[in-house]
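Inspection log for the structure reproduced underneath, given as structure tokens.
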Amino acid sequence: MTYVSLIRPRWTDMDVYGHINHAKMVTLLEEARIPLLFGAAVEAGLEQLPKGIVVVRLEVAYKAPIVVSGQQLRVDIDLTELRAASFTLTYRVRGGPSADDPVAVTAETVLAPYDTAALRPRRLSPAESEFLKQGFADA
């Protein structure tokens, strides 16, 4: 299933052409996944997951420019791969808040849990893996 997040770009997210800057788009993708991976994870009793997640790989493809107009953008996020020590999320950023708004940006991140005390990647716990499966199934 798809997890839907609504994000509101800021005026400062624009570049000189009036489009959302690439670096700001990456930040908006991060903001879209935070409610699930941090807020909902803590509510589910998973204290370690929000303490350390690193981006292993990021790809962003632009289909149309997005201009900051004060309205929210809809970000559809899917869990496309779940491995022992990483998971992959794909994103579809729409030019407005509706599921009918055209997709302007697609992206994919590979994320890995990280042990901030040992300073190294770690495996997902069974509870974390189940949380991720369930979080996207319930979306």
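Those letters in the sequence shown? Residues 17 to 155, by the numbering used here. Glycine included, every Cβ here is placed at the ideal spot set by N, Cα and C.
| task | Can you give me the start and stop residues for the beta strand (DSSP E) that GLU124 sits inside? | result | 119-131
| message | In the DSSP assignment, the alpha helix (DSSP H) including PHE147 goes from what residue to what residue? | response | 142-153
| From what residue to what residue does the beta strand (DSSP E) around GLU75 run? | 69-78
| said: Just verifying my parser: in three-state terms, what is the DSSP assignment at ASP29? | reply: helix
| Where do the ends of the alpha helix (DSSP H) carrying LEU95 lie? | Looking at the DSSP string, LEU95 is not in any alpha helix (DSSP H); the run it does join, the beta strand (DSSP E), is 89-98.
| query | On the three-state DSSP scale, how would you describe PRO137? | reply | strand
| task | Using a threshold of 7 Å, state whether the C-beta atoms of LEU44 and ILE69 are closer than that. | result | no
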